[in-house]
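If you read the sequences in order, they're chains L and C.
The opening position of the first sequence corresponds to residue 1188 in our numbering, with each subsequent residue numbered one higher.
The opening position of the second sequence corresponds to residue 19 in our numbering, with each subsequent residue numbered one higher.
All C-beta atoms, glycine included, are put in the ideal place defined by N, C-alpha and C.
A quick note: this is a predicted structure, and the numbers were derived from the prediction, not measured.
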Amino acid sequence: MSKVLLYKFILLLTLLLIGNHFIFAQDKFNLSAQLLVDKKVVYDAEVIVYKGKTTIAQTKTNKIGKFDVELPFQEVFVIQFKKEGLPVLKVLISTKVKDLEADLTKTKVVVFTLLSKNISSEGADAKDVSAAFQINKNGLLVEDNREFSKIVNNSEKEQVKTDNQVEILKDEVSNAISELPDSIRIPFKSKYDFLNLKMDSMLLLSEKHAALVLQTANLKSEEIIAKAFYSLPEAINSQKITSSSTIKKIDKELKNLAVKEETFNSRNDIKAYKLKLDKIESKSNMSKKDSLEYLETIVMFKDEMVKSAKMQLEIDKLNAKTRKDSVELQVREAQIFLVEKDIQEAKDKIAIQQLEIRQKNTMLLFSIIALLFFILVSILVYNSFRHKKRTNAILEKQNWEIANKNKKIIDSIRYAQTIQQAILPIKSNIDKYFDWFVIFQPKDIVSGDFYWFNHFEETGKSVFAVVDCTGHGVPGAFMSMIGNRLLIEAVKEKGIIKPIDILEEIDERIRIALMQDETSNNDGMDMCLCTLEYIDNNKCKVGFAGAKRPMFYSDIQNKKMEHIKGTVRGIGGKKRIREKSKKMFEEHNIVINRGEMIYLTSDGFFDLQSPNRKKFGRLNFMSLLEEQIHKPMQEQREAIMDALHLHKGSEFQIDDITILGIKV
Amino acid sequence: MENLYIEGSQDNYYVPTVDFSAETGVCTISGKSYLEDTNQFYLVLLEWLDKYFDEVNKPVQFNVMLSYYNTSSSRSILDIFDLLKIYEDDGGTVEVNWYCRDVDMEVVKEEVEDYVEESDLKINVISFTD
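So this is what it looks like as structure tokens:
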């Protein structure tokens, strides 16, 4: 009995006390850690290490939140962090480890990623720690309860063993009982059965308790995995490939998962994976891409391994006979599950890393494109700005030059205009002898047209002329100067008074002046010229000669306009191509009443075109005059001007216009 | 012999369109004639005609379709008519047509009459409506 009880107690002890047979590799674990709260470095925080109720070490985190403490192996510690502005936070550290493989002289910095919402109470109490860490076989401190679950699994095995033994003992006892005489057997059996019952209930209770512990452990592990997932970036950074040992480790795992090594390792894909791993490992400097590839390969490898393991497991399940077998299979299944979890974790990490790399690449590409674009745009803008500035400067200069030149030319022509005005008859000079008006409207500033007047005091004779020189503007104006000068010479100086003689004289003079017999100069003028001489108080004798220009005169009594055509011969001009006997100018002498009108014009008004290109014409001009002949000079002038503007409309004036009206 | 073609233009001055064909002997001057250097411009036309009479020696139809010409141009046109008359007198066949818008008939008729008188050429005045 006491033996059975002893066994039961041993079993309970086994369940409660774990890891008493660890191997001691080194006396102290150098904990080098960094404290992050809510993903931020916590510097200058007070760090207190409790073992049980006693404080064994006290330090502070440095500028980057790092601290170092030495922790004895095979113990459990609570580390408390305290800093103003932050709640008290605690972590549980277990240095319990068996089969330690790693060289602990090179410890890695562990990152405590805590959340400020997981408030702990101050003191050594381990109940409300925010995280628990366990040293693994590689001497790394990891936030993982796997070791614990392994221990639970081991315990389950132990329990099965014990169960078997208990069954055997029970059989032995019942056999022994059955051999006893009835007088002893019956009371004993009842007592035994009672005890047995009590034991069974105790066992059941402890099993339930163990299941509860297991469930808690599973929950905790899931919580840890979840936490690990959220703090992956740090985890990735802290995870470095422990080269050459990887394949060794995998081989070990293969053994653990009962995968048939020979068959598995001889597979081509597996060989390729191993080759790839070796290749990457042989590299002295591994880039982030390399390490990612490494991780990916391991994951693919392990995926295959799990598949094989699962297959093996299914086969073994079919072959399982004893309870021991099935327990073993369960353990294996749990191990496979753990490996799968590992793989899943690694896959998540890979996915995140790939995502990060992709994001980084995209960002980099985008930045480069943006930068190039920016540079290009800058260059273009700058160039166009410079070009524009230069062009503007040139244009401005050119504009200024053109405007300046234009101004000079216009100024010069304007002054020429004053000279031309000066050679024209002085209004008061004519006013002395006649009631008259003139419309003198050059196309440009200066004119190729001009009108001329001279009065001989001795004879009382007057000469009027309207001259239309070839050309307009400046060339025309030059010709007008010559014409004016020749008229003065012929009429004033030489005293020629007969109209045809005057025209002949000027024609000859122009040919000489412009050397037209020797050159191809074809310039000259058209002219209408009349002489006026009063016979008595009522009559006036008019002598007229025209070079291609007519003379108009009124018949007020009949409200009619008359006109005399000029001779079809211009003044001046080069020698005719066709030798032709020179046409003689014709002279017309008429006597008109005083008060009648005489009009001399250039061809500008007749040729003036309306917007629909119709010329004003001579007949039109004459009917216009018929309505005006009885009117005062100023009114006549205005009426003709109005008609001119009405006809011209928006059209440009194409020629110089001169209309001279004289009341005899 | 090559044809003579000068595209007319219109800015500060008016250049008439000149279309003289050596093949058909149809020579047309149209548009407005108001030039910077009238002599220079018409010299080209005169030279072409002179060459045509000399080399081709075929009948000529000369068409004037000018809606405006200034005093200088009128003198150069007379030069052309002089040349045509000489060709005619030498035995060439010359036909001169002066085209004129019906609205300008009265004005043009007088101008043409003057040309006929001066050049001794027969000039047909043909009116058209546009």
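Under the three-state reduction of DSSP output, residue 19 of chain C falls in the coil class, being neither helix nor strand. Taking a Cβ-Cβ cut-off of 7 Å, the neighbours of residue 1655 of chain L in chain C comprise 89, given in sequence order. Per DSSP, the beta-bridge partners of residue 83 of chain C are C/48.
Under DSSP, the beta-bridge partners assigned to residue 1759 of chain L are L/1711.
Close to residue 101 of chain C, with beta-carbon spacing below 8 Å, are these residues of chain L in chain order: 1764 and 1765. Of all C-beta pairs linking the stretch 1758–1766 of chain L to the stretch 1805–1822 of chain L, fewer than three are shorter than 8 Å, placing the two stretches out of contact. Annotation: the continuous alpha helix (DSSP H) that includes residue 1686 of chain L extends over 1686–1700. For residue 1786 of chain L, the uninterrupted beta strand (DSSP E) segment begins and ends at 1784–1788. Rounded to whole angstroms, the gap between the alpha carbons of residue 128 of chain C and residue 50 of chain C is 19 Å. Rounded to whole angstroms, the Cβ separation of residue 1711 of chain L and residue 1759 of chain L is 2 Å, and the two are in contact under 8 Å. Residues 1793 of the same chain have their beta carbon placed closer than 7 Å to that of residue 1804 of chain L, with the five preceding and five following residues left out of the count. Residue pairing of residue 1319 of chain L in beta bridges, as defined by DSSP: L/1279. In the DSSP assignment, residue 57 of chain C falls within the unbroken alpha helix (DSSP H) covering 56–73. Residue-level contact check: residue 86 of chain C touches chain L, since one or more beta carbons of chain L fall below 9 Å from its beta carbon. Within the stretch 1825–1837 of chain L, contact with chain C at the beta-carbon level (separation under 9 Å) is assigned to no residue. Interface with chain L (9 Å Cβ-Cβ cutoff): residue 56 of chain C is included. Taking 9 Å as the cut-off, the beta carbon of residue 1262 of chain L is found no closer than this to the beta carbon of residue 1218 of chain L. A distance below 8 Å between beta-carbons, with the five flanking residues on each side excluded, links residue 1678 of chain L to the following residues of its chain, in chain order: 1641, 1650, 1684 and 1689.
Distances from the CA of residue 1628 of chain L to each of L/1620, L/1622 and L/1637 were compared; the closest alpha carbon is that of L/1637. For the stretch 1772–1800 of chain L, residues whose beta-carbon sits nearer than 7 Å to a beta-carbon of chain C comprise 1793, 1794, 1796 and 1800. Residues of the stretch 57–73 of chain C that bring their beta carbon within less than 7 Å of a beta carbon in chain L comprise 57, in sequence order.
Taking 7 Å as the Cβ-Cβ cut-off, the stretch 104–118 of chain C approaches chain L at 104, given in chain order.
Not a single C-beta of chain C is nearer than 9 Å to the C-beta of residue 1684 of chain L. With respect to the 9 Å criterion, residue 1316 of chain L and residue 1307 of chain L are classified as neighbours on the basis of their beta carbons.
Residue 1374 of chain L sits exposed, since fewer than 16 C-beta atoms from the chains shown fall within 10 Å of its C-beta. Judged by DSSP in its simplified three-state form, residue 119 of chain C adopts strand. Rounded to the nearest whole angstrom, the CA to CA distance from residue 1444 of chain L to residue 1504 of chain L is 13 Å. Judged by their CB atoms, residue 1237 of chain L and residue 1326 of chain L are not nearer to each other than the 9 Å cut-off.
Residue 1658 of chain L sits in coil when the DSSP states are folded into three classes, being neither helix nor strand. Any Cβ of chain C closer than 9 Å to the Cβ of residue 1574 of chain L would place that residue at the interface, and such an atom is absent. Taking a Cβ-Cβ threshold of 8 Å, none of the residues of chain L is close to residue 29 of chain C; the smallest such distance is about 12 Å. Look at residue 37 of chain C: its C-beta is not under 9 Å from any C-beta on chain L. Under the 10 Å beta carbon count, residue 1823 of chain L is surrounded by 16 or more other beta carbons and is classified as buried. Within chain L, no C-beta atom comes less than 7 Å from the C-beta of residue 41 of chain C; the nearest is roughly 25 Å away. The beta carbons of residue 1319 of chain L and residue 1278 of chain L sit closer together than 9 Å. Neighbours of residue 94 of chain C in chain L, taken as residues whose beta carbon is under 8 Å from its own, are 1709 in chain order.
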